[in-house]
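Residue numbers (my numbering), protein chains in the order written: chain B, 13 to 773; chain F, 13 to 773.
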């Protein structure tokens, strides 16, 4: 049978991918590091980034161990016990998921470490490369970024395929996915807070108060800013997409185990892994083709890579599906019809993945449209800057909200079409398809901070205007690529969590379906929107992303204020810094950003893990399904809106800085800077972090399901139906009113107590 | 039987209410109008407001007639035909709903006209009253506002009770509600655009460029600004609450017709009307009590009125329920048990209305907390202004999002508790309860623009600093009251649309229930969240409020830009305006605001009416239910967030203007002004308009249901289930792919065509 070969292909793909990552790392490392000043600056950045990574990983290790123990000891799961009351079951450990959890977090940490290590070494080499020519600079930066892309996909694919080969159960891989998710939550949100703390702090004092140019080495926060780009966009974005990637694969595998044609269970469950492997090959080929055929236009090269990967993915995927259907044997099936259905559905699955990938690209385009400085929205925002600070904000805010419509249509079309093809399994395959070329996406994204840093190093290393201009070209291509990949990442994460939602529902038994002739003819669930408990779940779900993004914004604001104080302190205590005769204290600014990011992560991460568990415990699993759905919907709106508003403000400002509408230093420019500063945490902290939030919440729901099903049979403590019967007597009602009055009395008493204590003080 | 008496009580309450409104109007009119300058300014405001009203009503009349014809001719409804294919049924008119529709719009227009006419006459009298003392000024403004409150509730209650007495069918009243809703959409959004066009325009040029103080008569937009306060906060807010008020009553009546105990159908259907009448009496008594016991502290007086009304509502409602249960006869019921159940449920309904009202007040408090300048959020926002324009925006944005959490908890608690009491009928009663004292709420709200205008007139009429300070006191009480009523209005509208959603579902037959012992023991619907069609409906629903608010913001921005140009033009062409020797041209600025508001209303109103119809036609009524639910959830988040962010920015700015953090003219103050300007359309245009959007969409769904149920039996044109079966063959799939490729080809061709045409140009 050809199937084991297929499985081994996935493992091989992963190993080749890691091998290629190491090869690219080697290519980058052997390049010239430039002059001493450059080496020094790059060294500062590297040290800062590793410092951040080291502290994050140390704290994360503790958290991972705690969660490992919780999964091991306290989570009875279908996997190990079925649903047995905790006290009734023998002491038996959920060691499979717990082990997978550790591996998942380790794999994500490894990928992040490898990508970041090379990224921070590529910047000075890319800067030096620019002295040779734009092609040289581009190659170094692009290969540096590719290390992250390949490390992410490679380690994810190896982890998933090895675990599946050992346990043959997708539920184990759920643990792996949850591990990746824990890391993503910290790396993405933490990185996002770090980068914007430094950026906003550097801008507010350095640029606004002391008129220092961008990337001026006298600005004490400039190194932290460069570090931030790396930890936010390389480590953060990488771990985020690692997370979505694995989540889409595991959701699809779980759904396959419900919806496979009898006789081809193995093929169906492997299908997502196969498509992902194919995507990895396609991405790899795309990356090599760029190396050989790359033009002098860096923007075109990046996009060419994406399109080439897409086309090759479609071709290769067709080949693999054909290969798999050839390997199937009619003897394994009930009859010829079933056999035909199985083959037919695999082909429909192929169409679903291709459609998923195409819609991902279309969503990326819409982000590009709404943030490009030669299109109407960004131009209008720039024009609005003429009317002052407030109007530029209103305009960017409004266009950001409007920009949600097209991506929503894209997601809806992808969902509807893939559902038509193969039901909810089809939707999960569309998500797999969208994420199949994730290696390319992460590579393009990681390219961004490398060239951004390279530009800074070129300036600080005194390489002259021509080289800086070359680096600028590379940088602006990075920004365009980033706009596309960001929209792409949000769309893909969204479809992946929709798939996770369905797999959660299938696992929890809150969805029932009938299959006739290989298609779902009836699908019903208890996630009934007009059930008040479910509606309440959805209500809570809708609020969480809003709260989460607000907390992250406040975190950035709080930390940036500390950063501002520190910069002012340095300038005041040592005037030689401003004169440029003594170096600023970079360590202290990096320290503020690192510690601030960690401290501010506490509340959001508690919310994201406890909210689904609490909703499940109090309102039951059906309400939890609605909670997730509500969070997905509002999360999508906030993620797209914030990312695109932020991107458009950024580019509007840059367009003005290019000399339009009066150019730098004018009132218009100042207003545009306000827009950009508001947009910074929108686009680099809150907006993209919502992806991670959604994946974490969905996985938490799935992982904790065993526990939730124990509570009142999955109906939750506050089962409105049975409570209603209980209070349907005067005494029952009396008790309810008594409880309410009691709560009100306690609350009132508490408020008065607080007021009294405050007065005493 | 006592029931007809009960019904007549409602009619009497309505008539007394209109009578009281006329009496208060008389009280206001007989007051002194002040000096000539004041009469002149007030005259300008009155003329402008009436001009706006006249143009709005003219256009609205045409729209109302068109919708009347549509309802009359094209909407087959359960009411008249049951579901019969259009071609198969005899030509028969849906004249009942159509007639009710006309009456509903007429009643809302009448209330708006009466309230606005008195409001614009009360301002100068209140200003003159301030020369006598704060109590005198307060009384005039408060009675002027009470006219609107009483006109709204009175005409709504008369309309509902008369229509019900004639047709004995709540579905007819749906037409009345839809009529009120059409008016509300135009008055609220139009008023919101008008007021902020004028306000932002006046601020941007007058204050920022020419350093004119607030309300300076030399500013050509100042009269338009004052007009805007009236049309936005008196006519707009009044029509908005008229809308929610009637919607809550009709939703509850429809649900009562499904859930009444056999033998007490009439009593149950009347219950919402009874509670509303009781609320009106309670409000009236509250208003009179303020007249007699009002203190010198205007803020306390306003709040006292609200609390007195609440307490009296609870007492009176208990009395009326007791009266109704006394009037019931055991002989009308199947047996003694049924009789007991009916009485028991009426008492539980009483608890539900009281809980609804209490939670409304609590939600109002949370808005107050998040926008008061002596509480942490607004203080933090003010402190953030020290860091500059961008940080004050980020801070206000974040606190606005956080402020959603508590009101959401309030709504969830109200929903859960009232559901426990009497199922979804209980929820609808909670909505009725929340809106029962709407006369008080609208009165407090309409007080705001009167005292705001009074302050302006006192300044322009040269009444001296003491009087202006008195007027300032009145004004700041109005702002506090407004914060509470705004939160209250959003909460109430939200609960009302939840009730409408359930009544829609019951009517559409997408919800099934079993009733045992008088309580719903089982409630299921086909609004199944995991059904992809339903999920798509919810997705579209979530996006609509975001799009809607973005369009309104852009409208304000666009119109404000025109206003700015006009003001600059006037100053340039006639320098005497700035010298104060010649009056500015107020007519042209009012004209810009009026026409701009109307033009910009087109797209949002088309979206709000067509979106539910299109979702229903394409995806069916279950998806439409989810669409409404999605819109309610995201609408709630956006409405609360925008209102509270805006309110907090406004108060942060005022707090700084009071001399804190350096006071007026500093950089901190300028940053705070940016916050306030961003907040203006948030809190007075987009945020509160979302209420109206939600009610309009819910009612559109209900009114058009007859038509939607004709399309594929209510399953919609794009029935994914049956489409899936159709494409489950190679030829079916081929056709699908063909269609997709065709669409893609046409779209691509179109894009190239557009590009080509642009190039040619």
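Glycine residues also receive a C-beta, built at the ideal position from the N, C-alpha and C atoms.
Next on the checklist: Would residue 615 of chain B pass as an interface residue toward chain F - the criterion being a Cβ-Cβ separation below 7 Å?
Outcome noted: Position 603 of the first chain, counted from the start, is the residue given in the question as residue 615 of chain B. No, residue 615 of chain B lies away from the interface with chain F (no Cβ there is under 7 Å from its Cβ).
Item to check | Exposed unless 16 or more other CB atoms sit within 10 angstroms - verdict on residue 79 of chain F | outcome: Translated into positions along the second chain, residue 79 of chain F becomes position 67. So residue 79 of chain F ends up on the buried side.
Next on the checklist: Determine whether the beta carbon atoms of residue 509 of chain B and residue 706 of chain B lie at a separation below 7 Å.
Outcome noted: Numbered from its first residue, the first chain carries residue 509 of chain B at position 497. Numbered from its first residue, the first chain carries residue 706 of chain B at position 694. Their beta carbons are under 7 Å apart, which means residue 509 of chain B touches residue 706 of chain B by this criterion.
Next on the checklist: Taking DSSP's pairing of strands, which residues face residue 531 of chain F in a bridge?
Outcome noted: The residue labelled residue 531 of chain F in the question sits at position 519 within the second chain. The partner list for residue 531 of chain F (beta bridge, DSSP) reads F/528.
Next on the checklist: Taking 8 Å as the limit between beta carbons, can you name the residues of its chain near residue 776 of chain F, skipping five residues before and five after?
Outcome noted: Any question about residue 776 of chain F goes unanswered here, given that chain F covers just 13 to 773.
Checklist entry - Listing by chain order, which chain F residues have their CB less than 7 Å from the CB of residue 673 of chain B? => result Within the first chain, residue 673 of chain B is the residue found at index 661, counting from 1. The contacting residues do not exist; residue 673 of chain B stays about 15 Å from chain F at best.
Next on the checklist: Taking 6 Å as the cut-off, is the C-beta of residue 406 of chain F nearer than that to any heavy atom in the ligand SAH?
Outcome noted: In the structure shown, the ligand SAH is absent, as is every other ligand, since no ligand is present at all.
Checklist entry - In chain F, what lies closer than 8 Å to residue 693 of chain B by C-beta? => result Reading the first chain from its first residue, position 681 is the one you call residue 693 of chain B. Going along chain F in sequence order, the residues near residue 693 of chain B (Cβ under 8 Å) are 406.
Item to check | residue 714 of chain B, buried or exposed, once every other Cβ within 10 Å from all chains shown has been counted against 16 | outcome: Reading the first chain from its first residue, position 702 is the one you call residue 714 of chain B. It counts as buried.
Item to check | Status (buried if at least 16 other CB within 10 Å, exposed otherwise) for residue 588 of chain B | outcome: Residue mapping note: residue 588 of chain B aligns to position 576 of the first chain, counting from 1. With fewer than 16 Cβ atoms within 10 Å of its Cβ, residue 588 of chain B is classed as exposed.
Item to check | Residue range of the alpha helix (DSSP H) that includes residue 142 of chain F | outcome: As a position in the second chain, residue 142 of chain F is number 130, starting the count at 1. Unbroken alpha helix (DSSP H) run through residue 142 of chain F: 107 to 144.
Checklist entry - Are the beta-carbon atoms of residue 459 of chain F and residue 499 of chain F separated by less than 7 Å? => result Counted from its first residue, the second chain places residue 459 of chain F at position 447. Counted from its first residue, the second chain places residue 499 of chain F at position 487. Result no, Cβ atoms of residue 459 of chain F and residue 499 of chain F do not sit closer than 7 Å.
Checklist entry - At a CB-CB cut-off below 9 Å, which residues of chain B make contact with residue 427 of chain F? => result Counting from one through the second chain, the residue named residue 427 of chain F turns up at place 415. Ordered by position in chain B, the residues that pass the 9 Å Cβ test against residue 427 of chain F are 544, 547, 548, 551.
Next on the checklist: With H, G and I counted as helix, E and B as strand and the rest as coil, what does DSSP make of residue 94 of chain B?
Outcome noted: Translated into positions along the first chain, residue 94 of chain B becomes position 82. For residue 94 of chain B, the predicted structure reports a pLDDT of 48, less than 50, and the residue's modelled location is therefore unreliable. A value from the coordinates is still provided. It is coil, neither helix nor strand.
Checklist entry - Is residue 366 of chain B helix, strand or coil when you go by DSSP? => result As a working note, residue 366 of chain B is residue 354 in the first chain. Three-state DSSP puts residue 366 of chain B in a helix.
Item to check | Start and end residues, alpha helix (DSSP H) containing residue 252 of chain B | outcome: Taking the first chain and counting its residues from 1, one reaches residue 252 of chain B at position 240. Run containing residue 252 of chain B: 249 to 271, per the alpha helix (DSSP H) assignment.
Checklist entry - Who are the Cβ neighbours of residue 325 of chain F in its own chain at under 7 Å, not counting the five residues just before and after it? => result Here residue 325 of chain F refers to the residue found at position 313 when the second chain is read from its first residue. Only 290, 291, 294, 369, 448, 449 meet the Cβ criterion.
Checklist entry - Using 8 Å as the threshold, is the region 410 to 421 of chain B in touch with the region 253 to 273 of chain B, meaning 3 or more CB pairs across them? => result no
Checklist entry - Roughly how many angstroms lie between the CA atoms of residue 213 of chain F and residue 573 of chain F, to the nearest whole one? => result As a position in the second chain, residue 213 of chain F is number 201, starting the count at 1. As a position in the second chain, residue 573 of chain F is number 561, starting the count at 1. Distance between the alpha carbons of residue 213 of chain F and residue 573 of chain F is about 7 Å.
Checklist entry - In chain order, what residues of the same chain have a beta carbon less than 7 Å from the beta carbon of residue 21 of chain B, not counting five sequence neighbours either side? => result For this step, residue 21 of chain B is matched to residue 9 along the first chain. The beta carbon of residue 21 of chain B sits closer than 7 Å to the beta carbons of 289 from its chain, once the five residues preceding and following it are set aside; these are given in chain order.
Checklist entry - What is the DSSP secondary structure of residue 539 of chain F, counted as helix, strand or coil? => result Start at 1 with the first residue of the second chain, and residue 539 of chain F comes out as number 527. Coil, per DSSP.
Checklist entry - What separation, rounded to the nearest whole angstrom, lies between the Cα atoms of residue 238 of chain B and residue 53 of chain F? => result For the purposes of this step, residue 238 of chain B is taken as the residue at position 226 of the first chain. For the purposes of this step, residue 53 of chain F is taken as the residue at position 41 of the second chain. Residue 238 of chain B and residue 53 of chain F: Cα-Cα distance of roughly 59 Å.
Checklist entry - What in chain B is Cβ-close to residue 414 of chain F, meaning under 7 Å? => result Along the second chain, one-based indexing puts residue 414 of chain F at 402. Those within 7 Å of residue 414 of chain F in chain B are 559, 562.
Checklist entry - Are the beta-carbon atoms belonging to residue 441 of chain F and residue 361 of chain F less than 7 Å from one another? => result Reading the second chain from its first residue, position 429 is the one you call residue 441 of chain F. Reading the second chain from its first residue, position 349 is the one you call residue 361 of chain F. Result yes, Cβ atoms of residue 441 of chain F and residue 361 of chain F sit closer than 7 Å.
Next on the checklist: Against chain F, with Cβ distances strictly below 7 Å, would residue 662 of chain B count as a contact?
Outcome noted: Locating residue 662 of chain B in the first chain gives position 650, counting from the first residue. So, not an interface residue.
Checklist entry - When you compare only the Cα positions, how much space is there between residue 205 of chain B and residue 744 of chain F? => result As a position in the first chain, residue 205 of chain B is number 193, starting the count at 1. As a position in the second chain, residue 744 of chain F is number 732, starting the count at 1. The straight-line gap from Cα to Cα measures roughly 50 Å.
Item to check | Partner residues on chain F for residue 566 of chain B, Cβ-Cβ distance less than 9 Å | outcome: Within the first chain, the letter at position 554 stands for residue 566 of chain B. What residue 566 of chain B touches in chain F: 392, 406, 407, 410, 411, 414.
Checklist entry - So, helix, strand or coil for residue 416 of chain F, using DSSP? => result On the second chain, position 404 is the one that residue 416 of chain F refers to. Note: residue 416 of chain F maps to coil in three-state DSSP.
Checklist entry - Exposed or buried, what is residue 66 of chain F when buried is set at 16 or more other beta-carbons lying within 10 Å of its beta-carbon? => result Numbered from 1 along the second chain, position 54 holds the residue referred to as residue 66 of chain F. When all chains shown are included, residue 66 of chain F counts as exposed.
Checklist entry - Taking the DSSP output, what are the residues bridged to residue 172 of chain B? => result If you number the first chain from 1, residue 172 of chain B lands on position 160. BP columns for residue 172 of chain B are empty, so no partner.
Checklist entry - If you measure beta-carbon to beta-carbon, which residues of the region 712 to 741 of chain B are closer than 8 Å to chain F? => result 730, 732, 733, 735, 736, 737, 739, 740
Checklist entry - If you count every other CB in all the chains shown that lies within 10 Å of the CB of residue 347 of chain F, and 16 or more means buried, which is it? => result Counting from one through the second chain, the residue named residue 347 of chain F turns up at place 335. Answer is exposed; the Cβ neighbour count stays below 16.
Checklist entry - The alpha helix (DSSP H) with residue 453 of chain B in it runs from where to where? => result Locating residue 453 of chain B in the first chain gives position 441, counting from the first residue. It spans 450 to 472 - the alpha helix (DSSP H) in which residue 453 of chain B sits, taken as one unbroken run.
Item to check | Beta bridge counterpart(s) of residue 546 of chain F as assigned by DSSP | outcome: On the second chain, residue 546 of chain F is found 534 positions in, with the first residue counted as 1. According to DSSP, residue 546 of chain F bridges with nothing at all.
Item to check | Euclidean distance between Cα positions of residue 121 of chain B and residue 567 of chain F | outcome: In the first chain, residue 121 of chain B corresponds to position 109, counting from 1. In the second chain, residue 567 of chain F corresponds to position 555, counting from 1. The alpha-carbon atoms of residue 121 of chain B and residue 567 of chain F are separated by roughly 48 Å.
Checklist entry - What does residue 537 of chain B touch in chain F if you count any residue whose Cβ is under 9 Å from its own? => result For the purposes of this step, residue 537 of chain B is taken as the residue at position 525 of the first chain. Simply 540, 541, 542, 543.
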